[in-house]
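*Asks:* This is the structure, below, for whatever I ask next.
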Amino acid sequence: MSTSSTPVNLDAVIIGAGFSGMYQLLSLRDKLGLSARVLEAAGGVGGTWYWNRYPGARCDSESHSYSYYFSKELLQEWNWTERYPQQPEIMRYLNHVADRFDLRRDIQLDTRVKSAHYEAQHNRWHVTTEAGEVFHCTYLITAVGCLSSANVPKIDGLNDYAGDWYHTGQWPHEGVDFSGKRVGVVGTGSTGIQAIPVIAAQSKHLTVFQRTANYSIPARNAPLTDEFKQYAKSHTDDIRHIMNSNTNAHPFYITDRSVFDVSNEERKQIMETAWKKGGLEFRAAFRDTLIDEKANKIVADFIREKISEIVKNPATAKLLGDIDHPFAAKRPPVDSQYFETYNLDHVDLVNIRETPIEKITATGIKTKNHDYPLDIIVFATGFDAMTGSLLKIDIQGRNGLALKEAWYAGPRNYLGLQVPGFPNMFTVTGPGSPSVLCNMPPAIEHHVDWITHCIKDMREKGIQRIEAQEKAADDWVLEVNHAANSTLLPSATHSWYLGANVPGKPRVFMPYAGGFAKYQKIVSDATSNGYVGFTLS
Ligand code: N01
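Start counting at 1 in the sequence shown, then tack on 29, and there's your number in the numbering used here.
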């Protein structure tokens, strides 16, 4: 450990030891031979999976695609056990990666980065940690994750609550014992929908506080068969090709078929088959689900019908099916027995859209009409997504320009990779890139490979600085808006894609919705034409 008077000099500092940070370290250290260190606030590697250990936490991407593809050996060695990996299995995988590639010696845990300031006279970043350590580096790479900054709602009275409360994204490592407890869950996004069935199975009584009803598709999780494992291992090149050549980086293509290309019966059959298969692939049954309102309504109505078939109490079914946005305009959850859980006698659903939470009392949650006594409250209320974790760090670029200032009206960058005024700083899967609209590992590998290639190019050509140009960033923001506006995504006006879930956050559609394949081509064209839109000096 250094002190503030003895800075550690490195080629690169990487912030975060999740999927991105670990691969970035390996790439800079082992492929380019640079000195690099990962600074990580948590007590272990894993990034979002280190924190999100709530009951039922599982990935919605299929395990054979939720993997690094940079190492053929790793792909052959590692054996996933289920269609969708659970959080502990993902943690075992990421810890295996850390050991297998000898990454730990350059990962500094329990180290929260406080500030990162660019010093133009030395062309370096001056990075400090909360413990007072100082690092000087040429390249600063933020690998802080898109969904890492927990959003705990500011509800009156939380401090007076005598029971225990938790946010799903900051779950205690020792777990939570729900047995014999009256539990309240606030939030019915992907997280709440995963957690609710598991908490229901463990608790005496569960009350779900729903503000916005949500679609959900059955995951149909199951142990992987030997045949599938064999297929995945013997087709790694094909699977990688599919992921890299489609819209969402999942291991399947969206069909070319419109909802209106087929008869009613055929359409119903297609949706039934997709529902039976389950998972995010349900979205891929038609090409126009997310671009045509009428097409979307047909698919959405099919899901509503399923909800009313599953949920026995008609009033509950109505409330669960009363969804105010197009299907998949918010990230569609994938569940195991979510709607079925409401058939249990000890599970209640409360409509807090109609009767909002007024406050939290010493004994539970109070709405306008009712007091709900609770021993435990679980906030499955999401994240200050995409920008939250970056803006918590005091990042200053050229001439003391604060990132907070540069982004006061929302994130503004070029290709989601660099911000004007912040030379040699790179953001892995930041806003302005497809990131959260994708299966994350391929999106991460693409960014890390690009950053690595760029730094290699710079060093070979004696270039000391790369910086996004102002005009390129302005044009890219327009392109990001245009891509979003060509879909139904912005019509879910309260989604976290828009920053609308965090009071006061600028409403800007943050991820790039033009598709992963198209995005890669844009980035590749700009690069091969001499880093168009970047200034190299
Ligand atoms: O968060 P969310 P999440 N009072 O923001 C409600 C990824 N993920 O953690 O819609 C009452 O989607 C809010 O209501 P409303 C995935 O990308 C991945 O569930 O704002 N309620 C909503 O119901 C996902 O999209 C996996 O009206 C409040 C819920 O809380 C992303 O993480 C698994 C409230 C928040 O939903 C975020 O999902 C899980 C308040 N003050 C998640 N504030 C994988 O499989 C918020 N809500 C990898």
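Yeah, the Cβ is synthetic: ideal placement off N, Cα and C, and Gly gets one too. If you're wondering where the values come from, they're calculated on a predicted model, not measured in any experiment.
Using 8 Å as the Cβ pair cut-off and three pairs as the minimum, do the region 201-221 and the region 429-448 touch?
*Replies:* Output reads no: the region 429-448 does not touch the region 201-221.
*Asks:* Go ahead and pull the three-state DSSP assignment for residue 144.
*Replies:* If you number the sequence shown from 1, residue 144 lands on position 115. Note: residue 144 maps to strand in three-state DSSP.
*Asks:* Could you give the first and the last residue of the continuous alpha helix (DSSP H) run that contains residue 331?
*Replies:* As a working mapping, residue 331 is identified with position 302 in the sequence shown. Start and end: 322-339.
*Asks:* Skipping 5 residues on each side, what residues in its chain have a beta carbon closer than 7 Å to that of residue 535?
*Replies:* Reading the sequence shown from its first residue, position 506 is the one you call residue 535. Around residue 535: 438, 439, 528.
*Asks:* At a cut-off of 7 Å, is residue 381 close to the ligand N01 when judged by its beta-carbon and the heavy atoms of the ligand?
*Replies:* By 1-based counting over the sequence shown, the position of residue 381 is 352. The answer is yes for residue 381.
*Asks:* Tell me, please, which residues DSSP counts as bridged to residue 38.
*Replies:* Reading the sequence shown from its first residue, position 9 is the one you call residue 38. DSSP output for residue 38 lists 165 as bridge partner(s).
*Asks:* Helix, strand or coil: how does DSSP classify residue 102 here?
*Replies:* The residue given as residue 102 occupies position 73 in the sequence shown. Residue state, collapsed to three classes: helix.
*Asks:* To the nearest angstrom, how far is it from the Cα of residue 496 to the Cα of residue 197?
*Replies:* Locating residue 496 in the sequence shown gives position 467, where the first residue counts as 1. Locating residue 197 in the sequence shown gives position 168, where the first residue counts as 1. Spanning the two alpha carbons is a distance of roughly 37 Å.
*Asks:* Compute every distance between the C-beta of residue 196 and the non-hydrogen atoms of the ligand N01, then say whether any falls below 7 Å.
*Replies:* As a working note, residue 196 is residue 167 in the sequence shown. Because no heavy atom of the ligand N01 lies under 7 Å away, the Cβ of residue 196 does not count as near it: no.
*Asks:* Assign residue 361 to one of two classes, buried (16 or more other C-beta atoms within 10 Å of its C-beta) or exposed (fewer than that).
*Replies:* Reading the sequence shown from its first residue, position 332 is the one you call residue 361. The residue in question, residue 361, is buried, as its Cβ has 16 or more Cβ neighbours within 10 Å.
*Asks:* On the criterion of 16 or more Cβ atoms from any shown chain inside 10 Å, does residue 202 qualify as buried, or is it exposed?
*Replies:* Mapped onto the sequence shown, residue 202 falls at position 173. Exposed.
*Asks:* If we call anything under 8 Å between Cβ atoms a contact, is residue 41 one with residue 175?
*Replies:* Translated into positions along the sequence shown, residue 41 becomes position 12. Translated into positions along the sequence shown, residue 175 becomes position 146. No, they are not a contact pair.
*Asks:* Using CA coordinates, which residue listed in 538, 53, 239 is at the minimum distance from residue 382?
*Replies:* Within the sequence shown, residue 382 is the residue found at index 353, counting from 1. Comparing Cα positions, the closest option is 239.
*Asks:* Does the beta-carbon of residue 472, which I'm using as the reference point, lie nearer than 7 Å to any heavy atom of the ligand N01?
*Replies:* Taking the sequence shown and counting its residues from 1, the one referred to as residue 472 is at position 443. Residue 472 Cβ: outside cutoff for every heavy atom of the ligand N01.
*Asks:* What residue does the alpha helix (DSSP H) around residue 514 start on, and which one ends it?
*Replies:* Translated into positions along the sequence shown, residue 514 becomes position 485. 499-514 is the span of the alpha helix (DSSP H), which, as asked, contains residue 514.
*Asks:* For residue 35 and residue 138, what's the separation of their Cα atoms in angstroms?
*Replies:* Taking the sequence shown and counting its residues from 1, one reaches residue 35 at position 6. Taking the sequence shown and counting its residues from 1, one reaches residue 138 at position 109. Answer to the nearest angstrom: the Cα atoms are 19 Å apart.
*Asks:* Taking residue 141 as the reference, which of 162, 154, 153 has the closest Cα?
*Replies:* Position 112 of the sequence shown holds residue 141. That would be 162, whose Cα lies nearest to the Cα of residue 141.
*Asks:* Is residue 384 near the ligand N01, with its Cβ less than 7 Å from a heavy atom?
*Replies:* Here residue 384 refers to the residue found at position 355 of the sequence shown. Checking every heavy atom of the ligand N01 against the Cβ of residue 384, none is found closer than 7 Å.
*Asks:* For the beta strand (DSSP E) that contains residue 235, what are its first and last residues?
*Replies:* On the sequence shown, residue 235 is found 206 positions in, with the first residue counted as 1. Start and end: 234-239.
*Asks:* I need the straight-line Cα distance from residue 325 to residue 550, nearest angstrom please.
*Replies:* Position 296 of the sequence shown holds residue 325. Position 521 of the sequence shown holds residue 550. So the two alpha carbons sit approximately 28 Å from each other.
*Asks:* Which value, in whole angstroms, describes the spacing of the CA atoms of residue 216 and residue 378?
*Replies:* Taking the sequence shown and counting its residues from 1, the one referred to as residue 216 is at position 187. Taking the sequence shown and counting its residues from 1, the one referred to as residue 378 is at position 349. The straight-line gap from Cα to Cα measures roughly 11 Å.
*Asks:* Can you list, in chain order, the residues of its chain with a C-beta nearer than 6 Å to that of residue 212? Leave out the 5 residues immediately preceding and following it.
*Replies:* Working through the sequence shown from its first residue, we reach residue 212 at position 183. If we look at residue 212 and ignore the five residues flanking it on each side, its Cβ neighbours are 228, 232, 235, 405.
*Asks:* Classify residue 539 as helix, strand or coil using the three-state DSSP reduction.
*Replies:* The sequence position of residue 539 within the sequence shown is 510, counting from 1. Of the three classes helix, strand and coil, the one that applies to residue 539 here is coil, per DSSP.
*Asks:* Closest by CA to residue 503, which one among 513, 204, 448?
*Replies:* Within the sequence shown, the letter at position 474 stands for residue 503. Closest option to residue 503, Cα to Cα, is 448.
*Asks:* Apply the 10 Å Cβ neighbour rule to residue 507 and answer buried if 16 or more other Cβ atoms are within range, or exposed otherwise.
*Replies:* Here residue 507 is taken as the residue at index 478 of the sequence shown, counted from 1. Exposed is the call here.
*Asks:* Assess, as a yes-or-no matter, whether the region 387-395 is touched by the region 172-188 under the definition of 3 or more beta carbon pairs within less than 8 Å.
*Replies:* A contact exists between the region 172-188 and the region 387-395.
*Asks:* Decide if residue 81 is buried, meaning its Cβ has at least 16 other Cβ atoms within 10 Å, or exposed.
*Replies:* The residue you call residue 81 lines up with position 52 of the sequence shown. Buried, by the Cβ-count rule.
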